[in-house]
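Novice:
There are 2 protein chains.
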Amino acid sequence: MVDEGGGLIVAELQRGVTFPRGFETGAVRAGIKSKNLDLMLLASDVPASVAGVFTQNLVQAASVVYSKKIVQGGMARALICNSGNANACTGEQGEQDNQEMASLAAKALGVNANEMLVASTGVIGRPMPMEKLRSAIPLLPFELGSGIESDDEAAKAIMTTDTRPKQLAIEIATQAGRVRIGGIAKGSGMIAPNMATTLCFLTTDASIQPLMLQEALSAVIEKTFNRITVDGDTSTNDMCLLLANGASGVQISGGKSLEQFCEALHSVCLHLAKEVVRDGEGATKVAAITVQEAPTEQAAVTVAKTIAESPLVKTALFGCDPNWGRIIAAAGRAGVPFDANDAAVLIGSHPVFSNGRGREFDKAAVHDYLHQTEVEIIVSLGAGTQSATVWTCDYSYDYIRINASYTT
Amino acid sequence: MVDEGGGLIVAELQRGVTFPRGFETGAVRAGIKSKNLDLMLLASDVPASVAGVFTQNLVQAASVVYSKKIVQGGMARALICNSGNANACTGEQGEQDNQEMASLAAKALGVNANEMLVASTGVIGRPMPMEKLRSAIPLLPFELGSGIESDDEAAKAIMTTDTRPKQLAIEIATQAGRVRIGGIAKGSGMIAPNMATTLCFLTTDASIQPLMLQEALSAVIEKTFNRITVDGDTSTNDMCLLLANGASGVQISGGKSLEQFCEALHSVCLHLAKEVVRDGEGATKVAAITVQEAPTEQAAVTVAKTIAESPLVKTALFGCDPNWGRIIAAAGRAGVPFDANDAAVLIGSHPVFSNGRGREFDKAAVHDYLHQTEVEIIVSLGAGTQSATVWTCDYSYDYIRINASYTT
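For the record, the sequence lines run as chains E and G. For the first sequence, my numbering begins at 676 and goes up steadily by one. For the second sequence, my numbering begins at 676 and goes up steadily by one.
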């Protein structure tokens, strides 16, 4: 069973959280949203190590405050998640409702309430429709299962303005043996994760102790979900949870196999993070903004995010307009010192700016390049050796349409 | 001539920079833009004290670098400004072109080149069409004049995506005597002034020494132009210049009359700043975002700007959607500590959030309120005693249309 080298064995785009052994999921229509799946339960056969990262927004949903405490304990058994209502800014009633959701789900599943994680997503500031939840939660255990259909329903049940489910499952060989990782994510707007993400739930059948799992997750999220942005707005409900139930019998306890596990977790998270951007509200394309030659990696991230969140850059991306002036202007206001005379900008492989001035370039060719659904912008600051990439999407008419009347 | 009290004597919405005595202006079509006025000269009869504030963007246009030096000398005679080309990111050639603009204009007017200020606005990264400027600049002195028509042409000649000219002139009584202040501004996109503004040119016939003038201007800009935002993008060409030529014979040298002068300057700048927001690209309304009960004034500004620049808040404003969840979520990510349970949000006079939760409110009434062209949002943080207001506009379909293909 022990593989010498690491490496990917299988990657399943149609599979998600039950691809790792010992996990089941089920979803129902509780009626919180008009007619779609809006409530899901994810359960491990046995108590699992749990790690989580949460929004840094000062305004935090009841589920964030609650689940943080469970994660601090290091172990969990299951997760209940609803879409259609964020249960944020709902005061004490919101906290009580969240606790009741946890208790009802734990009772239905036959586990302790303090083993139940809770996540919510949807409109901020509306009371949870508890009557509907009281009817629907007891039905969830009967829906539990594993396989392609269960995975798909779980991924769909957590969507809000998403146009499609986002999931990935992989099997990798580590020095300690083969393990599986699966994940689902949701998110389309209010996306600018800060030490967290929009909702993302990950499972693995590796056996890893909670502190090591938390370190692995935090490091991976920092370079994946924390490097995407749709609109610069950080949600009140961001949460990423990773459950490790040990069902593979493979123990990850450090060294090479931990490294291999982290690499694999990074691949899964990066895929899901980019899926979120690709499905950004109204998005027609994904742009990878790479900043090179920065004094520090954090400085590179800062400049890349400033460019990635510039409405002028994002509208130009929509129009396939090679307007590099907006790119360098955004870089210049990011707060990171550099000399424009040492800086350079490439759109794809086309140099458009260097030595403090625009370069002659084939406008039609760059315009055509920008028509693709995946484009790359590279900004070299000439101020160091560090680099970072941030993924963003464009602003289209549909971004305005989707957001102009979300609550009315 | 000396008035005991201060106060406004006259406010002229149709007048601008030549309402103060001893100033003339003239504008021509140089052909930089397709068919509109795009080059203007503003001249004082005598050498004037000059003060200026400039963009903090690291990437600065040639005109910014150049005019900063003139302002450091404290005195200037005239200003030449073109629209249609920013002469930014144009390297050494751009610096030479800017110097040539100054020299040609100085020669045509018969003054020294080091008395000539230069400002440019328009597309970044294109070489200045110097042949056109060499033909047009010598014509400018023949167009010089004062009065309603001259003012109007000057205000129009500096426009880019603006849909209308922005100007105001006033006469005030100070303890030292009556003085006049006039101003014009341009700007519609790439508006998030940082210690500066988009282009704004102010004149006064008061006599004030340069250091005092600079202090007055810096203090006023901080609370007017630096508190507006259209899209969070700080321009490479931002510049505000104030010329004081003393033609009124009234000396402002401190005390009560300086205070009165500063108040008047504040009114003019605030009017022009709000005009810029009102004419924001695609804007259908202006929103005043007031943050109260903040620990410091700067903290109030930070929270107000974060709300004012949130694409989700701005699209909700367009849709007249009372989506207060986005307002409190933006406040929560601004980096200023507060407890959501102590915070409150009002849309106009309607309380929509307090004590950590949404309040019952008349959705139709708030929706109607948000249909107005001037709306107010008040956020009380419950974390101090300081407050600040930031002015912003909404994001409409037209914002996308205008910006999707600006350079192509």
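All C-beta atoms, glycine included, are put in the ideal place defined by N, C-alpha and C.
Kindly indicate the opening and closing residues of the beta strand (DSSP E) around Asn760 of chain G.
Specialist: 750 to 760 is the extent of the beta strand (DSSP E) around Asn760 of chain G.
Novice: Using a Cβ-Cβ distance under 8 angstroms, would Cys915 of chain E count as near chain G?
Specialist: For Cys915 of chain E, the answer is no, since every Cβ of chain G falls outside 8 angstroms of its Cβ.
Novice: Output yes or no for whether 8 angstroms exceeds the beta carbon distance between Ala718 of chain E and Glu828 of chain E.
Specialist: No. Outside cutoff.
Novice: Does chain G have any CB closer than 8 angstroms to the CB of Asn901 of chain E?
Specialist: Not closer than 8 angstroms to any Cβ of chain G, the Cβ of Asn901 of chain E fails to qualify, so no.
Novice: Comparing alpha-carbon positions, which option in E:Tyr1072, E:Asn1078, E:Pro816, E:Thr1067 lies nearest Lys949 of chain E?
Specialist: Residue E:Thr1067 is the option with its Cα nearest to Lys949 of chain E.
Novice: Which of the three DSSP states is assigned to Gly1000 of chain E in this structure?
Specialist: Helix, per DSSP.
Novice: Can you pull the chain G neighbours of Cys1068 of chain E, defined as C-beta to C-beta under 9 angstroms?
Specialist: Per Cβ cutoff of 9 angstroms: no residues; Cys1068 of chain E is ~12 angstroms from chain G at best.
Novice: Does the Cβ of Gln735 of chain E have 16 or more other Cβ atoms within 10 Å, making it buried, or fewer, making it exposed?
Specialist: Gln735 of chain E should be labelled buried.
Novice: DSSP puts Pro1012 of chain E in a beta bridge; with which residues?
Specialist: The partner list for Pro1012 of chain E (beta bridge, DSSP) is empty, contrary to what the question assumes.
Novice: Where DSSP assigns a beta bridge to Arg1032 of chain E, which residues make up the other side?
Specialist: Paired residues: E:Ser1029, G:Thr765.
Novice: Step through the CB atoms of chain E and report whether any lies within less than 8 angstroms of the CB of Met870 of chain G.
Specialist: The predicted model places Met870 of chain G with a pLDDT of 49, which falls under 50 and marks its position as unreliable; any figure quoted below should be read in that light. Closer than 8 angstroms: no.
Novice: Looking at Gly748 of chain E and Asp720 of chain E, is the spacing between their C-beta atoms short of 8 angstroms?
Specialist: Contact: no.
Novice: In the DSSP assignment, find the unbroken alpha helix (DSSP H) run with Thr990 of chain E in it and report its ends.
Specialist: Thr990 of chain E -> alpha helix (DSSP H) spans 986 to 993.
Novice: Would you report the Cα separation of Leu888 of chain G and Asn901 of chain G, rounded to the nearest angstrom?
Specialist: Each residue's Cα considered, the two are about 18 angstroms apart.
Novice: Please report the straight-line C-alpha distance between Gly921 of chain E and Pro722 of chain E, rounded to a whole angstrom.
Specialist: Their Cα atoms are separated by approximately 9 angstroms.
Novice: Name the DSSP beta bridge partners of Ser724 of chain E, please?
Specialist: The partner list for Ser724 of chain E (beta bridge, DSSP) reads E:Met750, E:Ala919.
Novice: Counting Cβ pairs closer than 8 angstroms, one from the region 1060 to 1076 of chain E and one from the region 961 to 979 of chain E, do we hit at least three?
Specialist: Touching, per the Cβ criterion.
Novice: State the Cα-Cα distance for the pair Asp996 of chain G and Arg953 of chain E, rounded to the nearest angstrom.
Specialist: Going by the C-alpha atoms only, they are around 26 angstroms apart.
Novice: Taking 7 angstroms as the limit between beta carbons, can you name the residues of its chain near Asn1078 of chain G, skipping five residues before and five after?
Specialist: The residues are Gly864, Glu956.
Novice: Using C-beta distances below 6 angstroms, list every residue in its chain close to Gly821 of chain E, excluding the 5 sequence neighbours before and after it, in chain order.
Specialist: One detail in the question is off: residue 821 of chain E reads as Ser in this sequence, not Gly. These residues qualify, in order along the chain: Thr693, Glu699.
Novice: Once DSSP output is grouped into helix, strand and coil, what is the label at Met834 of chain G?
Specialist: Of the three classes helix, strand and coil, the one that applies to Met834 of chain G here is coil, per DSSP.
Novice: Considering only DSSP beta bridges, list what Glu1051 of chain G is partnered with.
Specialist: Answer is G:Ala963, bridged to Glu1051 of chain G.
Novice: State the DSSP-derived secondary structure class of Leu814 of chain G, mapped to helix, strand or coil.
Specialist: Note: Leu814 of chain G maps to helix in three-state DSSP.
Novice: When the Cβ atoms of the region 908 to 920 of chain G are set against those of the region 1005 to 1024 of chain E, are three or more pairs found closer than 8 angstroms?
Specialist: In short, these stretches touch, since the Cβ pair count reaches three.
Novice: Using a 10 Å radius around the Cβ and a threshold of 16 neighbouring Cβ atoms, would you call Ser1055 of chain G buried or exposed?
Specialist: Buried, by the Cβ-count rule.
Novice: Alpha helix (DSSP H) containing Arg839 of chain G: first to last residue?
Specialist: Looking at the DSSP string, Arg839 of chain G is not in any alpha helix (DSSP H), and its letter there is neither H nor E.
Novice: Quick one: give me the first and last residue of the alpha helix (DSSP H) that Met887 of chain E is part of.
Specialist: Element bounds for Met887 of chain E: 885 to 898.
Novice: Quick one, which of E:Arg809, E:Met805, E:Gln973 has its alpha-carbon nearest Thr1060 of chain E's?
Specialist: Nearest C-alpha to Thr1060 of chain E: E:Gln973.
Novice: Apply the 10 Å Cβ neighbour rule to Glu790 of chain G and answer buried if 16 or more other Cβ atoms are within range, or exposed otherwise.
Specialist: Its Cβ being crowded by 16 or more others within 10 Å, Glu790 of chain G is buried.
Novice: Could you give the DSSP three-state label for Val952 of chain E: helix, strand or coil?
Specialist: Correct three-state label for Val952 of chain E: helix.
Novice: Looking at chain G, is there any beta carbon in it that lies within less than 8 angstroms of the beta carbon of Val734 of chain E?
Specialist: Val734 of chain E counts as touching chain G.
Novice: Within a Cβ cutoff of 7 angstroms, which residues of the same chain sit near Ile799 of chain E, ignoring the five residues on either side of it in sequence?
Specialist: If we look at Ile799 of chain E and ignore the five residues flanking it on each side, its Cβ neighbours are Ala761, Ala763, Cys764, Thr911.
Novice: Residues of the region 736 to 765 of chain G with a CB closer than 8 angstroms to any CB of chain E: list them in chain order, please.
Specialist: Residues passing the 8 angstroms Cβ filter: Ala761, Ala763, Cys764, Thr765.
Novice: In this structure, does DSSP put Leu683 of chain G in helix, strand or coil?
Specialist: DSSP places Leu683 of chain G in strand when its eight states are reduced to three.
Novice: Return helix, strand or coil for Thr909 of chain E, following the three-state DSSP convention.
Specialist: Residue state, collapsed to three classes: coil.
Novice: Select from G:Pro885, G:Ala811, G:Val961, G:Phe936 the residue whose C-alpha is nearest the C-alpha of Ser1071 of chain G.
Specialist: Nearest of G:Pro885, G:Ala811, G:Val961, G:Phe936 to Ser1071 of chain G, Cα basis: G:Val961.
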